[in-house]
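Taken in order, these protein sequences are the chains called A and B.
Position 32, counted from 1, in the first sequence is what the working numbering calls 32; the numbers after and before it change by one each time, with no gaps.
For the working numbering, count along the second sequence from 1 and bump the result up by 76.
Heads up, the beta-carbon is just placed ideally off N, CA and C, and yes, glycines get one too.
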Amino acid sequence: MNLTIKAFGNLTEITGTAELEMEATDAASLQEALFQRFPQLRERKFAIAVNKQLITENREFQTHDIVALLPPFSGG
Amino acid sequence: MQKNERYSRHLNLKGFGLAAQQKLQQARVLVIGAGGLGCPVLQYLAAAGVGTIGIADDDIVSLSNLQRQVLYTVDDLGQLKAQQAAERLRRLNPEILIHAHIQKVDVANALALISKYDLIVDGTDNFASRYLINDSCFLLEKPLVFAAVYQYEGQLAVFHVPDQSGLKTSYRDLFPTPPKASEAPDCNAAGVLGVLPGMMGMMQATEVIKLITGLGDPLINQLLTYNALSAESYTIRISPNPQALVHTPKDAEEFSQMDYEWLCSGGASPIRVIDAHTFELYKSDPTAVILDVREFGEWPLASFPHLQIPLNALQEQLDQLDKEKIIVFCQSGKRSAAAATLLQEHFGGSKEIYSLAGGITALENNLNN
Numbered sequence: 001m002n003l004t005i006k007a008f009g010n011l012t013e014i015t016g017t018a019e020l021e022m023e024a025t026d027a028a029s030l031q032e033a034l035f036q037r038f039p040q041l042r043e044r045k046f047a048i049a050v051n052k053q054l055i056t057e058n059r060e061f062q063t064h065d066i067v068a069l070l071p072p073f074s075g076g
Numbered sequence: 077m078q079k080n081e082r083y084s085r086h087l088n089l090k091g092f093g094l095a096a097q098q099k100l101q102q103a104r105v106l107v108i109g110a111g112g113l114g115c116p117v118l119q120y121l122a123a124a125g126v127g128t129i130g131i132a133d134d135d136i137v138s139l140s141n142l143q144r145q146v147l148y149t150v151d152d153l154g155q156l157k158a159q160q161a162a163e164r165l166r167r168l169n170p171e172i173l174i175h176a177h178i179q180k181v182d183v184a185n186a187l188a189l190i191s192k193y194d195l196i197v198d199g200t201d202n203f204a205s206r207y208l209i210n211d212s213c214f215l216l217e218k219p220l221v222f223a224a225v226y227q228y229e230g231q232l233a234v235f236h237v238p239d240q241s242g243l244k245t246s247y248r249d250l251f252p253t254p255p256k257a258s259e260a261p262d263c264n265a266a267g268v269l270g271v272l273p274g275m276m277g278m279m280q281a282t283e284v285i286k287l288i289t290g291l292g293d294p295l296i297n298q299l300l301t302y303n304a305l306s307a308e309s310y311t312i313r314i315s316p317n318p319q320a321l322v323h324t325p326k327d328a329e330e331f332s333q334m335d336y337e338w339l340c341s342g343g344a345s346p347i348r349v350i351d352a353h354t355f356e357l358y359k360s361d362p363t364a365v366i367l368d369v370r371e372f373g374e375w376p377l378a379s380f381p382h383l384q385i386p387l388n389a390l391q392e393q394l395d396q397l398d399k400e401k402i403i404v405f406c407q408s409g410k411r412s413a414a415a416a417t418l419l420q421e422h423f424g425g426s427k428e429i430y431s432l433a434g435g436i437t438a439l440e441n442n443l444n445n
């Protein structure tokens, strides 16, 4: 499935861009593909939202799904 | 409430009016952290007429705060933020009650403090406080208006408030456990666009007013991310995460056993190394003790109030240190660094430990310049 990945906060320093395209069939395989392409992501904590809905377990993708990678912010 | 000219723009506002204004007057809101987020939250809630406002902060105003913490001026440098903010707000609106809580919110005091208020605003700047506040609000079922910033982006959410179907979520549904220090670089080092916490703080104040008055749709079970550079926001829906409850303390007893500083640092809370200018500010901080770890009789003698315990005797005399912050200095900065490590190993996350870089020599140079 062709997906749009949106990176937020300090994750863009690793991905180099706020938005990129990737192929994956489900969330688990996307995560593995992201770690392969950007090994430093393994060291970061982030939540995953698919089409603006937080996911807390693996799920299959539809083509053109939008996947957001959201790290925690602490500053105030 | 009489027809009060002060609130005429609220009273005339369609959909707002006297009923909403009275709800604000009766509300009790606690703002934890009077920094970049807290300043605008406090200003707007005080101006809007929230009847009782608590300000919890144990920090002092430093020069680098003035880039974004708009309640303070150069006259406030070295003074306690909670105290200065309270004074300013009383002049803005003498008709409301302002309570300054000069304390770091921790497991020993959080539940008692938070239970005195109806609604909590998290304006802190570190994960330890954020998880501690979230868990407290979970246990006490208090609405929590959360915001946090990173460089040019901000996050906003409302937690522990049920939506129309009765569902409510927590910060831990989003991030069940805190990141290790290496997983999320801190804001002090990463910098922040000064206006950004201002915007996020005003959005927090807006959510507070919506929750109190029942106006509009508060950001319940959602996380909004605002990007100042693109002027875009992105809002996701949060659903319960099975991992959240696993990591949340079950009751007050379990809460009191939590070590948030430790959890959030991956085992070691950082010792802050400060320069001579910052050191000067802590001299007037009543929650801090200045500790000289040199041998007795070493020159120059310190001409300001301090406690002296030579490094080699420190281990035996730790019980003399009862303040929340310990500011250590020596001749060159080496022994104070060793002392800070010793103190941190003993006190863990329960105290803030600072070490003066360059020792008393740097202080003298700073004064001479």
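(message) Beta-carbon within less than 6 Å of residue 147 (chain B)'s beta-carbon, same chain only, minus the 5 sequence neighbours each way: which residues are those?
(response) Locating residue 147 (chain B) in the second sequence gives position 71, where the first residue counts as 1. Same-chain partners within the cutoff: 115, 161 and 164.
(message) Going by beta-carbon coordinates alone, are residue 133 (chain B) and residue 109 (chain B) separated by less than 7 Å?
(response) Within the second sequence, numbered from 1, the residue matching residue 133 (chain B) stands at position 57. Within the second sequence, numbered from 1, the residue matching residue 109 (chain B) stands at position 33. Yes; because the gap between Cβ atoms is below 7 Å, this pair is in contact.
(request) Give the DSSP-derived three-state secondary structure of residue 64 (chain A) in the structure shown. (result) Counted from its first residue, the first sequence places residue 64 (chain A) at position 64. Reduced to three states, the DSSP call for residue 64 (chain A) is coil.
(message) Strictly below 7 Å CB to CB, what residues from chain A border residue 255 (chain B)?
(response) Your numbering for residue 255 (chain B) matches position 179 in the second sequence. Going along chain A in sequence order, the residues near residue 255 (chain B) (Cβ under 7 Å) are 45 and 72.
(message) Once DSSP output is grouped into helix, strand and coil, what is the label at residue 422 (chain B)?
(response) On the second sequence, position 346 is the one that residue 422 (chain B) refers to. Three-state DSSP puts residue 422 (chain B) in a helix.
(message) Is residue 56 (chain A) close to chain B? Criterion is C-beta to C-beta, closer than 7 Å.
(response) Start at 1 with the first residue of the first sequence, and residue 56 (chain A) comes out as number 56. Taking Cβ atoms only, chain B reaches closer than 7 Å to residue 56 (chain A), which makes this a yes.
(request) Please report the Cβ distance between residue 254 (chain B) and residue 203 (chain B), rounded to the nearest whole angstrom; I am assuming they are in contact, meaning their Cβ atoms lie under 8 Å. (result) Stepping through the second sequence from its first residue, residue 254 (chain B) is reached at position 178. Stepping through the second sequence from its first residue, residue 203 (chain B) is reached at position 127. Yes, residue 254 (chain B) and residue 203 (chain B) are in contact; Cβ-Cβ is about 4 Å, under 8 Å.
(message) Once DSSP output is grouped into helix, strand and coil, what is the label at residue 31 (chain A)?
(response) For this step, residue 31 (chain A) is matched to residue 31 along the first sequence. Reduced to three states, the DSSP call for residue 31 (chain A) is helix.
(request) Return the CA-CA distance between residue 263 (chain B) and residue 249 (chain B), expressed in angstroms with no decimal places. (result) Here residue 263 (chain B) corresponds to residue number 187 of the second sequence, with the count starting at 1. Here residue 249 (chain B) corresponds to residue number 173 of the second sequence, with the count starting at 1. Legend: pLDDT at residue 263 (chain B) = 49, less than 50; position of this residue unreliable, value from coordinates given subsequently. Those two C-alpha atoms are separated by around 23 Å.
(message) Distance cutoff 7 Å, beta carbons only. Does residue 49 (chain A) sit that close to anything in chain B?
(response) For the purposes of this step, residue 49 (chain A) is identified with residue 49 of the first sequence, where counting begins at 1. Closer than 7 Å: yes.
(request) Give the DSSP-derived three-state secondary structure of residue 263 (chain B) in the structure shown. (result) The sequence position of residue 263 (chain B) within the second sequence is 187, counting from 1. Note that residue 263 (chain B) has pLDDT 49, beneath the 50 cutoff, so the model's placement of it is unreliable and the number below is only indicative. Three-state DSSP puts residue 263 (chain B) in a helix.
(message) Between the alpha carbons of residue 414 (chain B) and residue 386 (chain B), how many angstroms are there, rounded?
(response) Within the second sequence, residue 414 (chain B) is the residue found at index 338, counting from 1. Within the second sequence, residue 386 (chain B) is the residue found at index 310, counting from 1. Taking the straight line joining both Cα atoms gives about 12 Å.
(message) Quick check: the Cα distance between residue 194 (chain B) and residue 323 (chain B), rounded to an integer number of angstroms?
(response) Taking the second sequence and counting its residues from 1, one reaches residue 194 (chain B) at position 118. Taking the second sequence and counting its residues from 1, one reaches residue 323 (chain B) at position 247. If I take the Cα positions, the gap works out to 25 Å.
(request) Using a Cβ-Cβ cut-off of less than 9 Å, list which residues of the segment 26-38 of chain A approach chain B; keep chain order. (result) none
(message) Under 8 Å, with one C-beta from each stretch per pair, do the segment 285-301 of chain B and the segment 231-238 of chain B reach the 3-pair mark?
(response) yes
(request) Whole angstroms is fine: what's the gap from residue 51 (chain A)'s alpha carbon to residue 198 (chain B)'s? (result) Against the first sequence, residue 51 (chain A) aligns to sequence position 51. Against the second sequence, residue 198 (chain B) aligns to sequence position 122. Spanning the two alpha carbons is a distance of roughly 28 Å.
(request) Taking residue 235 (chain B) as part of the beta strand (DSSP E), name the residues at either end of that continuous run. (result) Taking the second sequence and counting its residues from 1, one reaches residue 235 (chain B) at position 159. Note, residue 235 (chain B): beta strand (DSSP E), 229-235.
(message) Measuring alpha carbon to alpha carbon, tell me which residue in B:225, B:281, B:208 and B:150 is nearest residue 122 (chain B).
(response) The residue you call residue 122 (chain B) lines up with position 46 of the second sequence. It is B:281 whose Cα lies nearest to the Cα of residue 122 (chain B).
(request) Could you pull the start and end residues of the beta strand (DSSP E) that residue 198 (chain B) belongs to? (result) As a working note, residue 198 (chain B) is residue 122 in the second sequence. First-last of the beta strand (DSSP E) with residue 198 (chain B): 195-198.
(message) For residue 371 (chain B), which residues in the same chain have their Cβ closer than 6 Å to its Cβ, ignoring the five residues on either side in sequence?
(response) In the second sequence, the residue the question calls residue 371 (chain B) occupies position 295. Closer than 6 Å at Cβ, skipping near neighbours: 386.
(request) Would you be able to state if there are at least three C-beta pairs under 8 Å between the segment 59-66 of chain A and the segment 86-99 of chain B? (result) no
(message) Below 9 Å on C-beta distance, what does residue 109 (chain B) contact in chain A?
(response) Locating residue 109 (chain B) in the second sequence gives position 33, counting from the first residue. Correct list: 76.
(request) Kindly list, in the order they appear in chain A, the residues whose Cβ is closer than 7 Å to that of residue 231 (chain B). (result) In the second sequence, counting from the first residue as 1, residue 231 (chain B) sits at position 155. The answer, in chain order, is 73.
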